[in-house]
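If you're matching them up, the sequences are chains C and V in order. This note's numbering applies: residue 1 is where the first sequence begins, and numbers increase by one. This note's numbering applies: residue 329 is where the second sequence begins, and numbers increase by one. We put the beta carbon where it would ideally sit given N, CA and C, even for glycine. Have a look at the structure below, then the notes.
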Amino acid sequence: MTGVRQAGIVIALFFLSVVVLLVMPLIGMKLTPLQAVLDPAGSGMEGDIFWRIRIPRVLAAWLAGAGLAGAGMAFQALFRNSLATPFTLGVASGAALGAALSIRFGIALSFAGISSTPLWAFAGAAASILLVYGITRVRRGMNTPTMLLAGVAVSFFFSSLNLFTQYLSDFTHTFRIIRWLMGGVQVAGYRSILEMLPLVAIGLGITLWLTRELDILTTGEEMATGRGVDVVRTRNLLFFGASLMVGGVVAVCGPIGFVGLMIPHICRLLVGPGHRYLAPASILAGGTFLTLCDTFARTILAPAEIPVGVITALLGGPFFLILLLKEK
Amino acid sequence: MVLYTDKTMKPSPALEISGLSLSIGGKEILKNVSFDVRQGAFLSIIGPNGAGKTTLLRCVMGMISSWTGDVRVGGQSVGSYRRRNLARLVSYVPQSDEMLFPFTGRELVLMGRYPHLSPFSRIADKDRRIVDHILQTTGTASLADRDIRTLSGGERQKIHIAGALAQEAGIMLLDEPTTFLDPCHTDEILSILTDLNEKGVTIVMITHDVNHAVHYGTSVTALNDGSVVFNGSSGDLMNNNVLKSVYGKNFILVRHPVSGKVMALPGQEQS
Chain C
1 MTGVRQAGIV IALFFLSVVV LLVMPLIGMK LTPLQAVLDP AGSGMEGDIF WRIRIPRVLA
61 AWLAGAGLAG AGMAFQALFR NSLATPFTLG VASGAALGAA LSIRFGIALS FAGISSTPLW
121 AFAGAAASIL LVYGITRVRR GMNTPTMLLA GVAVSFFFSS LNLFTQYLSD FTHTFRIIRW
181 LMGGVQVAGY RSILEMLPLV AIGLGITLWL TRELDILTTG EEMATGRGVD VVRTRNLLFF
241 GASLMVGGVV AVCGPIGFVG LMIPHICRLL VGPGHRYLAP ASILAGGTFL TLCDTFARTI
301 LAPAEIPVGV ITALLGGPFF LILLLKEK
Chain V
329 MVLYTDKTMK PSPALEISGL SLSIGGKEIL KNVSFDVRQG AFLSIIGPNG AGKTTLLRCV
389 MGMISSWTGD VRVGGQSVGS YRRRNLARLV SYVPQSDEML FPFTGRELVL MGRYPHLSPF
449 SRIADKDRRI VDHILQTTGT ASLADRDIRT LSGGERQKIH IAGALAQEAG IMLLDEPTTF
509 LDPCHTDEIL SILTDLNEKG VTIVMITHDV NHAVHYGTSV TALNDGSVVF NGSSGDLMNN
569 NVLKSVYGKN FILVRHPVSG KVMALPGQEQ S
């Protein structure tokens, strides 16, 4: 029977995620002794660091990785292009502009307890998606090449505005903007996770619900229509879900590159192209991967931290080139 | 096992197209196109490039929605069907896009079961049996476990036809299924289609080959510049005036030295 091997790999990835989520919070500048974990009140600093800093951080990394990998996988199927990423539609530059504006002008606007920079980043991400979407719709129907081109144009436009904002900023602000652009998961407590969780959960839910449609969409829109897929509705839902995930993750963690490109690709090699297994595998592997990258980022130069986006990009750049050279 | 005939269907035409018109950007692509495809027919749609053949099929499939007129499947307007339900009655083999992900032949054919699966149901043994049966009857069993990207154009086309068959629809629309194929694969594809037609599937096929239209089909509809210029039995097409009205070009009609069938060859510019 087919599928046994794939199901095995998905289960293995699940347990790997569990192990990583349990072990990584213990690792840091100092290993947290188990006694401190079990008795946070009695052990002072160590228990505090574990429960209030490391656990939220590891959870944030896992969620962000899962969301980015899930969104990347969805975009690759939608664009029928294995080089598509969660940021293909200019989401990253939109979010970056929002974040830059809020840092530069100190736009203090919070909503339902959500802090200012993530909110502006999310608004920027949403604006770029709506803009790309709107441009594509004006051009009759929804076609993928138009969407990609619109994404590139919007991306450049927002990036220029971002540079302009930086030019007008003083040294401190510019540094904070650049630091934000590098991406990182050093979240403050559990609140950031609660900001991200609903968006990522809805997005992942939609993606996991539509795995059969994702398979058929990769064969082309006409073929999919012939098979009985409501292409427009399905595509809209998937765009919506993937955009929510990317917007949510970028708002909290900044644009962390290459996870959404690499992870679905590696998983495709592991479990094949069928999304029934590819979707859960990508989500689990994405979470695990980013958690490991972040642990590396915060320990290798401790007490200094490397932004995790730098690590993923350092791994992702060469990977992308290998991919490019291997695909005829 | 005869999978494809639906005995409950009235003897009304399988597909009725009446007054279908379409303009895009002020240009008329289809002009008042009307014709019926009767149950069990093997209809070829011919016409020069840009005549609107593919657009016509896209309108029928609902990929273009800005057309006016009426298209009925089984007596019911196509717009009134849910997509999934329509796909149980009509299957479609478009000119295929390049395949990008390494699905196997069997996985691709299994995708044809989509309209029969509810979002909650999983692919059942019944679906696998149907797919296995189709792989046998279309001669694609040897391609079942191969990466679709490594197949030749002809092999891939057979897989796509097998996928359409898995929908168990009574009507199959095909857009130039034999273009770009060598004579060997062309014959194979056409004999698969003839076979299906004999089992009761109504076939509507766009083709550029007048001789295929005549020898494999029972009837022909010809489009030129968005209008129907011929609609009748394939025998009546083999007439110099008719062919000239379709392609604006002279043809020479000859008998095949072996089979004795009438063939149309592109004529020299003289007459």
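In the DSSP secondary-structure assignment, Asp503 of chain V is bridged to V:Ile534. Separation of the CB atoms of Asp215 of chain C and His275 of chain C is rounded to 5 Å, and the pair is thereby assigned contact status at 8 Å. DSSP places Arg104 of chain C in the helix class (H, G or I) of the three-state scheme.
Taking all protein chains in view, the Cβ of Ser93 of chain C is crowded by 16 or more other Cβ atoms within 10 Å, so the residue is classified as buried. Boundaries of the alpha helix (DSSP H) harbouring Thr382 of chain V: 381 to 388, taken from the DSSP string.
For Ala550 of chain V, the uninterrupted beta strand (DSSP E) segment begins and ends at 547 to 552. Legend: CB atoms of the region 433 to 465 of chain V lying less than 8 Å from CB atoms of chain C belong to residues Glu435, Leu436, Met439, Gly440, Tyr442, Pro443, Leu445, Pro447. Following the DSSP letters along the chain, one finds Asn360 of chain V in no alpha helix (DSSP H) but inside the beta strand (DSSP E) bounded by residues 355 to 365. Neighbours of Gly241 of chain C across chain V, judged by C-beta separation under 8 Å, do not exist; the nearest C-beta is about 15 Å away. Contact annotation for Gln485 of chain V against chain C: no contact, minimum CB-CB distance about 12 Å [criterion: below 7 Å]. Secondary structure in the region 226 to 278 of chain C: the alpha helix (DSSP H) runs of 4 residues or longer, each lying completely within the stretch, are 231 to 253, 259 to 271 in chain order.
Counting of Cβ neighbours within 10 angstroms places Thr88 of chain C among the buried residues, the total reaching 16 or more. Counting along the chain, the unbroken alpha helix (DSSP H) around Ile202 of chain C starts and ends at 191 to 209. Cβ-Cβ distances below 6 Å link Met73 of chain C to Pro264, Ser282 in the same chain, with the five nearest sequence neighbours on each side left out; the list follows chain order.
Under a 10 Å Cβ-count criterion, Cys267 of chain C is classified as buried, with 16 or more other Cβ atoms of the shown protein chains found around its own Cβ.
The DSSP assignment places 433 to 438, 453 to 465 as complete runs of the alpha helix (DSSP H) inside the region 422 to 475 of chain V, in order along the chain (cut-off: 4 residues). Proximity of chain V to Ile216 of chain C at the Cβ level (cut-off 7 Å) is accounted for by Met439, Tyr442, in chain order. Near chain C, meaning a CB-to-CB distance below 9 Å, the residues of the region 413 to 434 of chain V are Asn413, Leu414, Ala415, Arg416, Val418, Ser419, Tyr420, Val421, Pro422, Gln423, Ser424, Asp425, Glu426, Met427, Leu428, Phe429, Pro430, Phe431, Thr432, Arg434. Counting along the chain, the unbroken beta strand (DSSP E) around Val556 of chain V starts and ends at 555 to 561.
Shown here for Leu237 of chain C: same chain residues with a beta carbon closer than 8 Å to its own, the five before and five after excluded, namely Ile206, Leu210 in chain order.
A distance below 6 Å between beta-carbons, with the five flanking residues on each side excluded, links Arg400 of chain V to the following residues of its chain, in chain order: Glu344.
Annotated three-state conformation of Val310 of chain C is helix, per DSSP. A straight line joining the alpha-carbon of Thr382 of chain V with that of Leu518 of chain V spans about 19 Å. Within the region 197 to 221 of chain C, the residues whose Cβ lies closer than 7 Å to any Cβ of chain V are, in chain order, Arg212, Asp215, Ile216, Thr218, Thr219, Gly220.
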